[in-house]
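By the count of my numbering, the sequence shown reaches residue 236 at its end, each step adding exactly one.
Working notes for the structure below.
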Amino acid sequence: MIKGSLPVAVLIAALLVNAVGQQPQSPPPQQSPAAPGSRPQEEDEVVRITTNLVQVDAVVTDRDGKQVTDLGADDFEILENGRPQQITNFSYINAASPAASAPTRSGSKCSPRAAASYSKGRAA
Numbered sequence: 113m114i115k116g117s118l119p120v121a122v123l124i125a126a127l128l129v130n131a132v133g134q135q136p137q138s139p140p141p142q143q144s145p146a147a148p149g150s151r152p153q154e155e156d157e158v159v160r161i162t163t164n165l166v167q168v169d170a171v172v173t174d175r176d177g178k179q180v181t182d183l184g185a186d187d188f189e190i191l192e193n194g195r196p197q198q199i200t201n202f203s204y205i206n207a208a209s210p211a212a213s214a215p216t217r218s219g220s221k222c223s224p225r226a227a228a229s230y231s232k233g234r235a236a
């Protein structure tokens, strides 16, 4: 009987040594709540803006039907619902493409045009 109990005693001793030798796993450190207004550096700041860009094409001619080509943004006024809008982009386009052509009073096509754009919207 003693011979058979020796392996059992060794096995029990080994299990006890193994159980005592292990340390309990410590819980992960808790993060303190961030103060209002502060953000972790890992997060990217996201800014969302809603805007509408409105393009206005104009072909300006004098009384004789000749194009006026020396106009600038200050020579135009854009109104939306009776309120003046700021012109953010202005360019004179001299293109021969049909998309750039506009009929004149005489019915002929002219290619130079002035294009003005303005933005409307607000930050979301």
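A virtual CB, placed ideally from N, CA and C, is assigned to each residue, including glycine.
Between the C-alpha atoms of residue i and residue j, what's the straight-line distance to the nearest angstrom?
i, j, result
"Q197", "G184", "15 Å"
"I124", "E155", "52 Å"
If you reduce the DSSP assignment to three classes, tell me which class residue i lands in.
i, result
"D169", "strand"
"L183", "coil"
Who are the near neighbours of residue i in its chain, counting only those whose CB is closer than 7 Å to its CB and skipping five residues on each side?
i, result
"D174", "V180"
"A158", "With the sequence shown as reference, residue 158 is identified as Val, and Ala is not the correct amino acid for it. Around V158: no qualifying Cβ."
By Cβ distance below 6 Å, which residues in the same chain neighbour residue i in space, the five residues on each side in sequence not counted?
i, result
"P210", "Low confidence applies here, because P210 scores a pLDDT of 46, under 50, leaving its location unreliable; read the following figure in that light. Excluding sequence neighbours, P210 sits near nothing in its chain."
From this set, the options, which residue's C-alpha is nearest residue i's C-alpha?
i, options, result
"L191", "D182, Q167, N206 and V120", "Q167"
"Y204", "R160, D187 and A126", "D187"
"T200", "N193, E189, A126 and N206", "E189"
Note down, in chain order, each residue of its chain lying with its Cβ closer than 8 Å to the Cβ of residue i, except the 5 sequence neighbours on either side.
i, result
"V172", "Q179, V180, L183 and A226"
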